[in-house]
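Colleague: Got a structure for you, questions after.
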Amino acid sequence: MPELPEVETVRRGVQAQVVGRRITAVEVGRERTVRRTSRQALIDGLTGATILAANRRGKYLLCPLDTGDELMVHLRMSGRLLVAAAGTPRPAHTHVVMHLSGSPRQELWFVDPRTFGEVVVFDPANVDVELPELARLGVDPIADGLTRTQLATLLAGRRRLLKPLLLDQHVVAGVGNIYADESLHRARLRHDRLADSLTSREVGRLRDAVVSVLTEAVEAGGSTLTDTQYVDIEGGQGWFQVHHRVYDRAGQRCITCGKADIQRVMMGGRSTCFCPRCQH
DNA sequence: AAACAAACCTGTGCGC
DNA sequence: TGCGCACAGGTTTGTT
Numbered sequence: 001m002p003e004l005p006e007v008e009t010v011r012r013g014v015q016a017q018v019v020g021r022r023i024t025a026v027e028v029g030r031e032r033t034v035r036r037t038s039r040q041a042l043i044d045g046l047t048g049a050t051i052l053a054a055n056r057r058g059k060y061l062l063c064p065l066d067t068g069d070e071l072m073v074h075l076r077m078s079g080r081l082l083v084a085a086a087g088t089p090r091p092a093h094t095h096v097v098m099h100l101s102g103s104p105r106q107e108l109w110f111v112d113p114r115t116f117g118e119v120v121v122f123d124p125a126n127v128d129v130e131l132p133e134l135a136r137l138g139v140d141p142i143a144d145g146l147t148r149t150q151l152a153t154l155l156a157g158r159r160r161l162l163k164p165l166l167l168d169q170h171v172v173a174g175v176g177n178i179y180a181d182e183s184l185h186r187a188r189l190r191h192d193r194l195a196d197s198l199t200s201r202e203v204g205r206l207r208d209a210v211v212s213v214l215t216e217a218v219e220a221g222g223s224t225l226t227d228t229q230y231v232d233i234e235g236g237q238g239w240f241q242v243h244h245r246v247y248d249r250a251g252q253r254c255i256t257c258g259k260a261d262i263q264r265v266m267m268g269g270r271s272t273c274f275c276p277r278c279q280h
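Read in order, the letters of the first sequence correspond to residues 1 to 280 in my numbering.
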């Protein structure tokens, strides 16, 4: 579910509502959510700690603590982070509850039906061992920026299909299935183009498309699909889905050309939607 | 090097 | 209405 724009929206919510507050108590329901370490490690690492900041790298939410440790939350497919008044009935699949200092009394919930997501406290000095994938993340188009030259370098000599490459977090961090399809459509490029076959003009289009799609999606608060799985920290939905041109629009007329129908194929195990007339 | 399938889970929507 | 299947925003692992 959540890709860069959704995680960024959550990050902003954490920044506005949680940063500066102390975690007074921690409850861990399902152990699977803290499988990277353990229930006790999360409780020990968070209890009494104050959250100093809310950062993001790709789809990873990273919160430095005053203990020197860092809190990492990854929402994966179905994770949600919610702030609620203490005592509010918790939704099903609430696996971690962090009680926050201050008044009114509030709690930070990690809710995750599919349990792919995780919550972990790690020592940033030991990140290579405790969270090795973090160091191997590629360029974040929003946090780092992405230049045409940079993207050209990433694509050069890669005999790789364009879409799986965009989805590879070691190359570009933050792009997921929705925004890969939307970016490729905006760049007028097919998902099955070989990365090293792009002209420099096409690389420029792709760079502009990725950055502008992600930027606009962040401004819209992300995409909330019909299942309303994704919501921001206050439970509010995002609105970028009304701007989707291809994602989940298989069989419908292309909004851009008005002439062809959006097609859907599987690529790398992910459904892929594109316009056969607009994209080459 | 790169593409694929399967694995990890639960929920929903669809065809019959 | 109920049942079974396909599929879902992600990532890793093992196999071709």
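All residues carry an ideal CB built from backbone N, CA and C; glycine is no exception.
(1) Compare the C-alpha of Pro276 against each of Tyr230, Gly221, Arg188 and Asp196 and name the closest.
(2) In terms of DSSP beta bridges, what is Pro64 paired with?
(3) Is it the case that the stretch 72 to 80 contacts the stretch 103 to 117, given that we only count it when at least three CB pairs across the two stretches are under 8 Å?
(4) Taking the C-alpha atoms as reference points, what is the distance between Gly269 and Gly102?
(5) Report yes if the CB atom of Asp248 is closer than 8 Å to the CB atom of Cys278, and no otherwise.
(6) Report, in whole angstroms, the separation of the C-beta atoms of Arg148 and Val203, which I expect to be a contact under 8 Å.
(7) How far does the alpha helix (DSSP H) with Ser183 in it reach, from first residue to last?
(8) With DSSP run on the structure shown, which of helix, strand or coil describes Ser212?
(9) If you compare alpha carbons, which of Leu154, Thr33 and Gln241 is closest to Asp344?
(10) Taking only the alpha-carbon atoms, compute the straight-line gap between Asp69 and Pro164 and give it to the nearest angstrom.
(11) Any idea if Asn126 is buried or exposed, counting beta-carbon neighbours within 10 angstroms, 16 or more meaning buried?
(12) Looking only at its own chain, which residues have a Cβ that is under 7 Å from the Cβ of Ala84, when we skip the five neighbours before and after it?
(13) What does the Cβ neighbour count give for Cys63, buried or exposed, with the cut at 16 atoms within 10 Å?
(14) State whether the stretch 194 to 201 contacts the stretch 150 to 158, with contact taken as three or more CB pairs (one from each stretch) at a distance under 8 Å.
(15) Is it buried or exposed, Lys59, if we count other Cβ atoms within 10 angstroms and call 16 or more buried?
(16) Is the beta carbon of Gly145 closer than 8 Å to that of Thr9?
(17) Return the first residue and the last residue of the beta strand (DSSP E) that Arg12 is part of.
(18) Excluding the 5 residues preceding and the 5 following Leu4 in the sequence, name in chain order all residues of the same chain whose CB lies nearer than 6 Å to its CB.
(19) My output table needs one value for Val171: the three-state DSSP class, helix, strand or coil.
(20) Give every residue of the same chain whose Cβ lies closer than 6 Å to the Cβ of Ala25, excluding the five residues on either side of it in the sequence, and list them in chain order.
(21) Can you tell me whether Thr226 is helix, strand or coil according to DSSP?
(22) Taking buried to mean at least 16 other C-beta atoms within 10 Å of its own C-beta, is Asp232 buried or exposed?
(23) Quick check: the Cα distance between Leu167 and Thr224, rounded to an integer number of angstroms?
(24) Assuming Glu118 and Arg35 are in contact, meaning their beta carbons sit under 8 Å apart, how far apart are those beta carbons, in whole angstroms?
(25) To the nearest angstrom, report how far apart Arg57 and Thr94 are at their CA atoms.
Modeller: Looking at the atomic coordinates:
(1) Here residue 276 is taken as the residue at index 276 of the first sequence, counted from 1. Taking only the C-alpha atoms, the option nearest Pro276 is Arg188.
(2) The sequence position of residue 64 within the first sequence is 64, counting from 1. Looking at the DSSP output, Pro64 sits in a beta bridge with Glu70.
(3) Cβ pair count under 8 Å is three or more, so yes.
(4) Residue 269 sits at position 269 when you count from the first residue of the first sequence. Residue 102 sits at position 102 when you count from the first residue of the first sequence. If you draw a straight line from the Cα of Gly269 to the Cα of Gly102, it comes to about 46 Å.
(5) Position 248 of the first sequence, counted from the first residue, corresponds to residue 248. Position 278 of the first sequence, counted from the first residue, corresponds to residue 278. Pairing Asp248 with Cys278 gives a Cβ-Cβ distance that is not under 8 Å.
(6) Start at 1 with the first residue of the first sequence, and residue 148 comes out as number 148. Start at 1 with the first residue of the first sequence, and residue 203 comes out as number 203. Correct: roughly 6 Å between the Cβ atoms.
(7) Position 183 of the first sequence, counted from the start, is the residue given in the question as residue 183. If you look at Ser183, you'll find it in the alpha helix (DSSP H) that goes Asn177 to Arg186.
(8) The residue you call residue 212 lines up with position 212 of the first sequence. Three-state result, Ser212: helix.
(9) The requested residue 344 does not occur in the structure, where the chain is confined to residues 1 to 280.
(10) In the first sequence, counting from the first residue as 1, residue 69 sits at position 69. In the first sequence, counting from the first residue as 1, residue 164 sits at position 164. Their backbone Cα atoms lie some 34 Å apart in a straight line.
(11) Looking up residue 126 in the first sequence gives position 126. Its Cβ having fewer than 16 others within 10 Å, Asn126 is exposed.
(12) Here residue 84 is taken as the residue at index 84 of the first sequence, counted from 1. Taken in chain order, the residues that qualify are Gln106, Glu107 and Trp109.
(13) Counted from its first residue, the first sequence places residue 63 at position 63. With a threshold of 16 other beta carbon atoms within 10 Å, Cys63 meets it and is buried.
(14) Cβ pair count under 8 Å is three or more, so yes.
(15) Taking the first sequence and counting its residues from 1, one reaches residue 59 at position 59. Residue environment: Lys59 is assigned as buried (16 or more neighbouring CB atoms within 10 Å of its CB, all protein chains considered).
(16) Translated into the one-based positions of the first sequence, residue 9 becomes position 9. Translated into the one-based positions of the first sequence, residue 145 becomes position 145. Gly145 sits away from Thr9, with the two beta carbons spaced by 8 Å or more.
(17) Here residue 12 refers to the residue found at position 12 of the first sequence. Arg12 -> not in any beta strand (DSSP E); alpha helix (DSSP H) instead, spanning Leu4 to Gln17.
(18) In the first sequence, the residue the question calls residue 4 occupies position 4. Only Gly174 and Leu214 meet the Cβ criterion.
(19) The sequence position of residue 171 within the first sequence is 171, counting from 1. In the structure shown, Val171 falls within a coil segment according to DSSP collapsed to helix, strand and coil.
(20) Sequence index remark: in the first sequence, residue 25 carries index 25 (1-based). Excluding sequence neighbours, Ala25 sits near His99.
(21) Here residue 226 is taken as the residue at index 226 of the first sequence, counted from 1. Note: Thr226 maps to coil in three-state DSSP.
(22) Along the first sequence, one-based indexing puts residue 232 at 232. Buried.
(23) The residue given as residue 167 occupies position 167 in the first sequence. The residue given as residue 224 occupies position 224 in the first sequence. Those two C-alpha atoms are separated by around 20 Å.
(24) For this step, residue 118 is matched to residue 118 along the first sequence. For this step, residue 35 is matched to residue 35 along the first sequence. Going by Cβ atoms, the distance from Glu118 to Arg35 rounds to 7 Å, so yes, they are a contact pair.
(25) Reading the first sequence from its first residue, position 57 is the one you call residue 57. Reading the first sequence from its first residue, position 94 is the one you call residue 94. Roughly 24 Å separates the two Cα atoms.
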